[in-house]
Amino acid sequence: MKMSKLLLVSLTTAGVMALAGQASAFAPVWPTDGDAADGADPVGSVVLWHAGASASTASVQTAVVSAYCDAAQAVDILEDARTVGKPAFWTVACIGKSTLPATLAGKKILWNKRDEGGSGVGVGPLALSTPIGFMKPSTGAGNNCPAVSSTRLITGTTITANIWNCTNFTYSLTPPVAASYGLNDADPAADAVARVPDIGTSDIEPDKFTSTFSFNVPKADFNLDGVINAADTLATYDATGLTKDSLAALTFGIPVNILMYQDLQREQFPTGHPLFSDCNPAGATYGTIASSASNANAEKCMPSLTGNEIRSVYMKGGAIRSSTDLQYETPFGSAAFTTLAATLNGATDNTIQICRRVNGSGTQAQFNAIMLGYPCDATFDGAIDSLQPEAAGPLATFVTENEGSGDVEKCLNDFNNGTNTTGQNSALRKRWAVGIQSMEKNAPSGAGAYTNAYRFIKVDGFAPTLANVHAGDYYDVAAQSLQYKTGAPAVTVDAYSSLKPEFQNPLNLPDLNKLQAFGTAGWMALPSATNTPDAVLNLARPVSWYRRVSFSGAGNTCALPSMFKKTGGSAATVGPQNWSSNGGADSNCYTP
1 MKMSKLLLVS LTTAGVMALA GQASAFAPVW PTDGDAADGA DPVGSVVLWH AGASASTASV
61 QTAVVSAYCD AAQAVDILED ARTVGKPAFW TVACIGKSTL PATLAGKKIL WNKRDEGGSG
121 VGVGPLALST PIGFMKPSTG AGNNCPAVSS TRLITGTTIT ANIWNCTNFT YSLTPPVAAS
181 YGLNDADPAA DAVARVPDIG TSDIEPDKFT STFSFNVPKA DFNLDGVINA ADTLATYDAT
241 GLTKDSLAAL TFGIPVNILM YQDLQREQFP TGHPLFSDCN PAGATYGTIA SSASNANAEK
301 CMPSLTGNEI RSVYMKGGAI RSSTDLQYET PFGSAAFTTL AATLNGATDN TIQICRRVNG
361 SGTQAQFNAI MLGYPCDATF DGAIDSLQPE AAGPLATFVT ENEGSGDVEK CLNDFNNGTN
421 TTGQNSALRK RWAVGIQSME KNAPSGAGAY TNAYRFIKVD GFAPTLANVH AGDYYDVAAQ
481 SLQYKTGAPA VTVDAYSSLK PEFQNPLNLP DLNKLQAFGT AGWMALPSAT NTPDAVLNLA
541 RPVSWYRRVS FSGAGNTCAL PSMFKKTGGS AATVGPQNWS SNGGADSNCY TP
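So the sequence shown is residues 1 to 592, counted in my numbering.
As structure tokens, then:
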């Protein structure tokens, strides 16, 4: 449904065929189940287009199923399978619950999400009513999504969804040309469509992604031609025409590949350290890094970098570009320091690879604000005087810019394993690599196995757990925003209003949180007069004590975290301390 003309991107020659036998809600087939060029939905159907944050995409997918889908009927989830398990586009197809507003109840709902490009894609195109590329949600032989490949139990529901791997979605193999736009919108020989987003999500407030702040303006392949170029440049825009609401706060972390993780463990838990046996890869009780049950992945054994050190890696012109820019004490307590060489433990060189996100990514934008101070006025003189993130370029080949969170995972994996799934590691290097991710990423399976070759580290000695966020000890936390263009049709407003409680009500958040090896991580409700925080963290109702707000109380990621003033008194946690100190060389806090 749209208020502006819709366009088709013609990309493949796949035909539309009927579904062959899988049980499903309605196994959408294009163009029968798609919306028309004038924005009209088929009778009895609602087609929604949602763009923005990839950091929260697993949670959003769960929330969409929980909020809209009738549990008594089958649910289909269609996922971009260019890299299986790391979709940049996905669709939920189901029958609307009877309890939904009349615009949605009992209807065929086709909820289409674009992660690629991140948060800014859920702001700029929405504000400008600009069509952008989405995966065409079409199932059956010859279409994007040929067959059901697996099933998935949706957390917090009784729904087991059919998962369709959309292996025929290969938009970049046949780049569209200008003439592709304006074709009949019912053309079945396309695997992508261009739509104006109905709804957007961003990892921080949308006004941080406007034309005023160049490092946060989305840099994305809007038309899905396989390249980012001038055709993907947005006109000047602001966020004043958007209706927006803050959702819950999502915790972010610093992921490092296993090469770097284990080297840092070797240096922070050296010979003679009380935790050497458990936490050094050479220790007798270390276990295996592949298992979440091992000491290797325990909170007490997580290596730590300070915020200042992290900043010095990521910032433009930063001083830490190599493992040899770091030193460590050995043996423990000797006050003798040795330069660190990554090449001693399997790396092909000592360079640190930065697996950052593209401009316009919310994951990158929250890091820019919280760690680099961009676009914040640190001296309150009306000017932006902050650090800038390092960017990829001929003189910065150690930087890889990634459109989605899944691309960051591929980058970290590539430089750990000497592979080239990103196309950015043609020399098949193995080197330390650091990224930025939300804490819903890379949680171990129920069997304790990991699918990626990276782990999260501590920041200033604290793990990115909800317990540490609640205590005010971990601060890389950002309030997500949901938005639509003011004046949208009633069905869009109803869909928006039905999704908000999934993230604003703290009782819904446990279904979205992840059990990492080092503790529960992910979402916390923002504190308010109705969502009051508990003195002791309640994982069944996680509400934060701390928030980032301006003096007026408006959400602002540039603001320093401050405690919510609760009627009857607040409850700041100031002890006990659980610290191990490596001769003053590092600090490591953990819960025994």
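Positions of the beta carbon are idealized from the N, C-alpha and C atoms, including for glycine.
None of these values were measured; they are calculated from a predicted model.
Residue j beta carbon less than 9 Å from that of residue i
| i | j | result |
| --- | --- | --- |
| Leu512 | Tyr496 | no |
| Ser361 | Leu372 | no |
| Thr157 | Cys69 | yes |
| Asp33 | Arg195 | no |
| Ser292 | Pro444 | yes |
| Trp432 | Leu305 | no |
| Leu224 | Ala192 | yes |
| Pro533 | Ser550 | no |
| Glu390 | Ile354 | yes |
Where residue i falls, given that 16 or more other Cβ within 10 Å makes a residue buried
| i | result |
| --- | --- |
| Gly122 | buried |
| Thr251 | buried |
| Pro592 | Residue confidence for Pro592 is low, a pLDDT of 38 falling below 50, so the modelled location carries little weight; the figure read from the coordinates is stated next. Exposed, since its Cβ has fewer than 16 Cβ neighbours within 10 Å. |
| Ala161 | buried |
| Gln262 | buried |
| Ser45 | buried |
| Asp377 | exposed |
| Leu560 | exposed |
| Ala249 | buried |
| Ala365 | buried |
| Leu153 | exposed |
| Pro197 | buried |
| Lys514 | buried |
| Ser98 | exposed |
Best match in the options for proximity to residue i [C-alpha to C-alpha]
| i | options | result |
| --- | --- | --- |
| Asn538 | Arg455, Ala525 and Asp70 | Ala525 |
| Ser405 | Asn452, Thr348, Asn417 and Tyr374 | Asn452 |
| Gly124 | Ile154, Thr57, Thr212 and Thr62 | Thr212 |
| Pro42 | Val75, Ser54, Leu110 and Pro87 | Leu110 |
| Ala298 | Gly423, Val469, Thr139 and Thr285 | Thr285 |
| Ser426 | Ala443, Gly39 and Thr397 | Thr397 |
| Pro274 | Gly333, Trp523, Leu100 and Gly569 | Gly333 |
| Ile199 | Leu507, Ser323 and Ser498 | Ser498 |
| Leu340 | Ser322, Asn308 and Gly423 | Ser322 |
Residue i - DSSP class collapsed to helix/strand/coil
| i | result |
| --- | --- |
| Ser481 | strand |
| Gly404 | coil |
| Lys514 | strand |
| Gln388 | coil |
| His50 | strand |
| Arg152 | strand |
| Thr91 | strand |
| Ser497 | helix |
| Ala71 | coil |
| Met371 | helix |
| Thr573 | coil |
| Ser66 | helix |
| Asp80 | strand |
| Tyr546 | strand |
| Asn162 | strand |
| Phe276 | helix |
| Gln424 | coil |
| Tyr475 | coil |
| Phe503 | helix |
| Val536 | coil |
| Val459 | strand |
| Phe398 | coil |
| Tyr450 | coil |
| Thr557 | coil |
| Val43 | coil |
| Val434 | strand |
Checklist entry - Which runs of the alpha helix (DSSP H), 4 residues or longer, sit entirely within the region 175-262? => result none
Next on the checklist: What ranges does the beta strand (DSSP E) occupy inside the region 278-363, keeping only unbroken runs of at least 3 residues that lie completely in it?
Outcome noted: 327-329, 337-339 and 352-357
Item to check | Completely contained alpha helix (DSSP H) runs for the region 109-144, where each covers 4 or more residues | outcome: 124-128
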